[in-house]
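Engineer: Line by line, the protein sequences are chains L and X.
Under this note's numbering, the first residue of the first sequence is numbered 31, with each subsequent residue one higher.
Under this note's numbering, the first residue of the second sequence is numbered 44, with each subsequent residue one higher.
Take this structure, written in structure tokens, and hold onto it; I'll ask about it next.
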Amino acid sequence: MPDAIEVDGLRKRYGPLAAVDGIRFTVPVGEVFAFLGPNGAGKTTTVEILEGLRHRSEGEVRVLGLDPWHDAARLHERIGVIPQEFRFFEKIHPREAIAYYGVLFGTRPDPERLLRLVGLSDKADARFDTLSGGQKQKLGLALALVNDPQVCFLDEPTTGLDPQARRAIWEVVRKLKAEGRTVFLTTHYLEEAELLADQVAIIHHGRIIAEGTPGEIIAAHGRSERLSVESTPALATYLRDRLGLEATARDGRVEVPMHARGDALKVLTALEASGLPWQSFSTERDTLEDVFVSLVGRMDEGELKAEGNP
Amino acid sequence: MRPARIYADLKVFVRGYLRNPIGLFFSLFFPIILVSLFGVIFSASSSTVTLYVENFDAPSNVSAQFLTALNHTGAVEVTVVDPNGSGVDGNFTHWLAVHSHPVGLVIPRGFQQAYLSHERVNLTLYTNPGDAVSSGIAESAVAGVGNAFSFAAVNGTPLIGVTAQPVGSTLFKSIDYLVPGLVGFSILTSPMFSMVDISSSYRKDGLFRQLSLTPLTKGEWLASKILWYIVLTFLSAAIMVGIGVGLFGAHVTLSLGLVPFLVLGPFFFVSLGMLAGSLAKTPETAAVIGNVITFPMMFLAGTFFPVSLFSPPLQLVAHALPLYYVIDGMNQVMLFNNFAGALPDLAVVGIGSVVVFLAAIVAFRWRDA
């Protein structure tokens, strides 16, 4: 099956500034792809180019095999888009909005089903300007589904929402995936990407600095799993000298990377044998957030070169 | 263009419109206020002067006939005051001054007797130099009636008669002109102000982008706005004609010849408002561009005053304003019942509408490059 989204060498320039600077990635059909990056990284520019709302300066872009800018009308019949901070006609009711979109797309949507899907049934007949931010976003989602889209674009769908509304949106994204739709998601919430995405690309200053599954990115760019013991620096010295492990001491904790399955057991045995005082231990691994913060930080300090640079 | 999509968009737009009391107020109550206000102003400034009369010859037949004749001139309306009644107390000039009445006439005792015996008799007309217009009207009315009576007394006939024959604009009362003018005014202002506002606020709120993601086309979107403003135009025209005719006695002809103007007028100005709004980069400049286009037309296109009253250079300006052709056409139909005379206007408005509509569609963008 061909990929739902194919991007190669994509650039978007605003004068001398390149908001998107030569990125490439593909999104297979049926996957949730998260485009992760800090504010101003180029996420929205990219997603708008994919949606056919913005013209690219350079590069190849195909969504469902179509050129988003030149085949916009045909593409829009097959994709659903929820923009950042969805806004609509102030006085319209959600039920009417869905019926309206149904006529525009020439489909016969079931307003009740869509409203239930996004959790907006109780506000079906409320005026749009009386809805909360989360409810407006939910209507945006419902409208994006009126044409039964194969690919859904969600641009920071949960930014500014309370935790409950955020979880509701996540639930819908999971349902979309379960229904076999491809989802392209931009977010600056790492948790969101980690929870929802099959594939993640981290974009910074218009370039992709890491990509893969969340696990792959953590494995490639994060520190490996480690055992952390609340103890004195003397323990670190003991472990290094006696067992040859790379133990480091910091802030009252001693950390030992786990390379092999038996490493943890070795450390705990040595801990007992050492007779040194210790309180608690835990195993820790980098989250996507740790990797993200470290990658973005290193890139800002000029240590790291982005992938796919010319 | 798909009618189903235009209709769906129209429905959404109209609902939004009806759920917004301010928009509704401006569309329906504004015409009422407008026509009532100007109706009152122009009726009040009628050229009939109230002439207060002290008749010391009452109840003589001749003095009574003289006053009736004065009333029949149409220039003055006689109000007889009791010379010794309350307030006047024998001092007529003082009474006139205190009550700010500019003109007063005194008919002396023995007026009938003198008249019938062909003796010279003098009427006294008090005038106020501060109100030259009323004074002049009263003076010529009294002098005219006086002359007529003088001739009648000697069975003479005036050799030179004057028959006043109204020309052009004076054929109609002000309110007659005002009805088509104000209908034109609302054809101009309601769509222009709304569309300039819509074009910038939709852009700011990302609504055009949102719509661009649907199969709705720019032409369909604009068409639904045009349809709604045509409906509003018919409503406000009906209101204004109703009030103008019913309350202020306007004489206008209602015929099918009016329909093309009530359709093409909003068509033109909805498109022009959209074009103006699209050319602006910010909401502020949109409002400025909208006002620059709208304001000259509000006053110079024959809305409140017939263009024929303007100086020639100003008439030239009026002829450059699109609204002039809408109002002139409606004048032809409503005042002169002359649809053939309205055809050139119709041609200008019709061609203009198509050009501006197409220009608006090209100029306004769903999405950014």
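Quick reminder that beta carbons are idealized off the backbone N, C-alpha and C, glycines included.
Is it the case that the Cβ atoms of residue 116 of chain X and residue 95 of chain X are separated by a distance below 8 Å?
Structural biologist: Along the second sequence, one-based indexing puts residue 116 of chain X at 73. Along the second sequence, one-based indexing puts residue 95 of chain X at 52. Not in contact: residue 116 of chain X and residue 95 of chain X (Cβ atoms no closer than 8 Å).
Engineer: Say whether chain X places a C-beta atom closer than 8 Å to the C-beta of residue 122 of chain L.
Structural biologist: By 1-based counting over the first sequence, the position of residue 122 of chain L is 92. Taking Cβ atoms only, chain X reaches closer than 8 Å to residue 122 of chain L, which makes this a yes.
Engineer: Select from X/383, X/337, X/151 the residue whose C-alpha is nearest the C-alpha of residue 367 of chain X.
Structural biologist: Here residue 367 of chain X corresponds to residue number 324 of the second sequence, with the count starting at 1. Per the Cα distances, X/337.
Engineer: Rounded to whole angstroms, what is the Cα-Cα separation between residue 261 of chain X and residue 409 of chain X?
Structural biologist: Counting from 1 along the second sequence, the entry for residue 261 of chain X is found at position 218. Counting from 1 along the second sequence, the entry for residue 409 of chain X is found at position 366. Those two C-alpha atoms are separated by around 8 Å.
Engineer: Going by Cα to Cα distance, which pick from X/313, X/281, X/397 is closest to residue 267 of chain X?
Structural biologist: As a working note, residue 267 of chain X is residue 224 in the second sequence. The shortest Cα separation from residue 267 of chain X among X/313, X/281, X/397 belongs to X/313.
Engineer: What distance in whole Å lies between the Cβ atoms of residue 134 of chain L and residue 51 of chain X, which are believed to be in contact at a cut-off of 8 Å?
Structural biologist: Reading the second sequence from its first residue, position 8 is the one you call residue 51 of chain X. Reading the first sequence from its first residue, position 104 is the one you call residue 134 of chain L. Correct: roughly 6 Å between the Cβ atoms.
Engineer: Could you tell me the distance, in whole angstroms, from the CA atom of residue 286 of chain X to the CA atom of residue 217 of chain X?
Structural biologist: On the second sequence, position 243 is the one that residue 286 of chain X refers to. On the second sequence, position 174 is the one that residue 217 of chain X refers to. So the two alpha carbons sit approximately 14 Å from each other.
Engineer: Of all the CB atoms in chain L, is at least one closer than 8 Å to the CB of residue 257 of chain X?
Structural biologist: Numbered from its first residue, the second sequence carries residue 257 of chain X at position 214. Answer yes: the Cβ-Cβ gap between residue 257 of chain X and chain L drops below 8 Å somewhere.
Engineer: Can you tell me whether residue 98 of chain X is buried or exposed? The criterion is at least 16 other CB atoms within 10 Å of its CB, across all chains shown.
Structural biologist: The count along the second sequence starts at 1 and reaches residue 98 of chain X at position 55. Looking at its Cβ environment, which holds 16 or more other Cβ atoms inside 10 Å, residue 98 of chain X is buried.
Engineer: Just the Cα atoms here: how many angstroms apart are residue 323 of chain L and residue 299 of chain L?
Structural biologist: Locating residue 323 of chain L in the first sequence gives position 293, where the first residue counts as 1. Locating residue 299 of chain L in the first sequence gives position 269, where the first residue counts as 1. Their backbone Cα atoms lie some 34 Å apart in a straight line.
Engineer: When we look at the beta-carbon of residue 194 of chain L and count the other beta-carbons within 10 Å, is it buried (16 or more) or exposed?
Structural biologist: The sequence position of residue 194 of chain L within the first sequence is 164, counting from 1. So residue 194 of chain L ends up on the exposed side.
Engineer: Going straight from the alpha carbon of residue 62 of chain L to that of residue 46 of chain L, what length do you get?
Structural biologist: The count along the first sequence starts at 1 and reaches residue 62 of chain L at position 32. The count along the first sequence starts at 1 and reaches residue 46 of chain L at position 16. Those two C-alpha atoms are separated by around 33 Å.
Engineer: Measuring alpha carbon to alpha carbon, tell me which of X/407, X/81, X/66, X/54 ends up nearest residue 252 of chain X.
Structural biologist: The count along the second sequence starts at 1 and reaches residue 252 of chain X at position 209. It is X/407 whose Cα lies nearest to the Cα of residue 252 of chain X.
Engineer: So residue 59 of chain X contacts chain L; which residues on that side make the cut at Cβ distance below 9 Å?
Structural biologist: Residue mapping note: residue 59 of chain X aligns to position 16 of the second sequence, counting from 1. Here the neighbours are 119, 120, 121, 122.
Engineer: Grouping DSSP H, G and I as helix and E and B as strand, with all else coil, what is residue 242 of chain X?
Structural biologist: Looking up residue 242 of chain X in the second sequence gives position 199. Helix, per DSSP.
Engineer: Does any C-beta atom of chain A lie closer than 8 Å to the C-beta of residue 47 of chain X?
Structural biologist: In summary, chain A is missing from the structure at hand, where the protein chains are L and X.
Engineer: Would you check if there are 3 or more beta carbon pairs closer than 8 Å linking the stretch 55 to 72 of chain L to the stretch 376 to 393 of chain X?
Structural biologist: No, the stretch 55 to 72 of chain L is not in contact with the stretch 376 to 393 of chain X.
Engineer: Pick helix, strand or coil for residue 219 of chain L, following the three-state DSSP scheme.
Structural biologist: One-based indexing of the first sequence puts residue 219 of chain L at position 189. Coil, per DSSP.
Engineer: Does the pairing of the stretch 171 to 185 of chain X with the stretch 135 to 149 of chain X give three or more beta-carbon distances under 8 Å?
Structural biologist: The answer is yes - the stretch 135 to 149 of chain X touches the stretch 171 to 185 of chain X, with three or more Cβ pairs under 8 Å.
Engineer: Can you give the Cα-Cα distance for residue 272 of chain X and residue 68 of chain L, rounded to whole angstroms?
Structural biologist: The residue given as residue 272 of chain X occupies position 229 in the second sequence. The residue given as residue 68 of chain L occupies position 38 in the first sequence. Approximately 46 Å, taken between the alpha carbons.
Engineer: Taking all protein chains shown into account, decide if residue 313 of chain L is buried (16 or more other Cβ within 10 angstroms of its Cβ) or exposed.
Structural biologist: Residue mapping note: residue 313 of chain L aligns to position 283 of the first sequence, counting from 1. Exposed.
Engineer: Out of L/293, L/221, L/56, which has the shortest C-alpha to C-alpha gap to residue 213 of chain L?
Structural biologist: Indexing the first sequence from 1 puts residue 213 of chain L at position 183. Of L/293, L/221, L/56, the residue nearest in Cα terms is L/56.
Engineer: Cβ closer than 9 Å: which chain L residues qualify as neighbours of residue 114 of chain X?
Structural biologist: In the second sequence, residue 114 of chain X corresponds to position 71, counting from 1. Those do not exist, as residue 114 of chain X stays about 58 Å from chain L at its closest Cβ, beyond 9 Å.
Engineer: Let me see if you follow: with CB-CB separation under 8 Å, is residue 51 of chain X close to chain L or not?
Structural biologist: As a position in the second sequence, residue 51 of chain X is number 8, starting the count at 1. For residue 51 of chain X, the answer is yes, since a Cβ of chain L falls inside 8 Å of its Cβ.
Engineer: Measure the CB-CB distance between residue 112 of chain X and residue 197 of chain X and report whether it falls below 8 Å.
Structural biologist: As a working note, residue 112 of chain X is residue 69 in the second sequence. As a working note, residue 197 of chain X is residue 154 in the second sequence. Contact flag unset, no.
Engineer: Ignore the nearest five residues each way along the sequence and tell me which others in residue 192 of chain L's own chain have a CB closer than 8 Å to its CB.
Structural biologist: Taking the first sequence and counting its residues from 1, one reaches residue 192 of chain L at position 162. These residues qualify, in order along the chain: 164.
Engineer: Taking a Cβ distance cut-off of 9 Å, strictly less, list which residues of the stretch 53 to 83 of chain X are near chain L, in chain order.
Structural biologist: Against chain L - using a Cβ distance shorter than 9 Å - the residues of the stretch 53 to 83 of chain X are 54, 55, 56, 58, 59, 60, 61, 62, 63.
Engineer: Mind pulling the chain X residues with CB within less than 7 Å of residue 257 of chain L?
Structural biologist: Walking along the first sequence from the start, residue 257 of chain L turns up at place 227. In chain order: nothing, as chain X lies at least about 50 Å away.
Engineer: Checking contacts by CB at 8 Å: is residue 38 of chain L closer than that to chain X?
Structural biologist: The sequence position of residue 38 of chain L within the first sequence is 8, counting from 1. It does not; no Cβ of chain X falls within 8 Å.
Engineer: Check each candidate in L/131, L/123, L/49 and name the one with the smallest Cα separation from residue 78 of chain L.
Structural biologist: Position 48 of the first sequence holds residue 78 of chain L. The residue with the shortest Cα to Cα distance from residue 78 of chain L is L/49.
Engineer: Quick check on the DSSP output: what are the complete beta strand (DSSP E) runs of length 3 or more inside the stretch 179 to 242 of chain L, in order along the chain?
Structural biologist: Counting whole runs of 3 or more residues, the stretch 179 to 242 of chain L contains the beta strand (DSSP E) stretches 181 to 185, 212 to 217, 229 to 234, 237 to 242.
Engineer: Are there three or more Cβ pairs, one per stretch, closer than 8 Å when the stretch 81 to 96 of chain L is compared with the stretch 236 to 249 of chain L?
Structural biologist: No, they do not touch.
Engineer: Taking 8 Å as the CB-CB limit, is residue 134 of chain L close to chain X?
Structural biologist: Here residue 134 of chain L corresponds to residue number 104 of the first sequence, with the count starting at 1. Judged by the 8 Å Cβ criterion, residue 134 of chain L is in contact with chain X.
Engineer: By how many angstroms is the C-alpha of residue 261 of chain L removed from the C-alpha of residue 303 of chain L?
Structural biologist: As a working mapping, residue 303 of chain L is identified with position 273 in the first sequence. As a working mapping, residue 261 of chain L is identified with position 231 in the first sequence. In a straight line, the C-alpha of residue 303 of chain L is about 14 Å away from that of residue 261 of chain L.
Engineer: With DSSP as the reference, label residue 99 of chain L as helix, strand or coil.
Structural biologist: Numbered from its first residue, the first sequence carries residue 99 of chain L at position 69. Coil.
Engineer: Taking the alpha carbon of residue 155 of chain L as the reference point, which residue from L/128, L/174, L/180, L/132 has its own alpha carbon closest?
Structural biologist: If you number the first sequence from 1, residue 155 of chain L lands on position 125. The shortest Cα separation from residue 155 of chain L among L/128, L/174, L/180, L/132 belongs to L/128.
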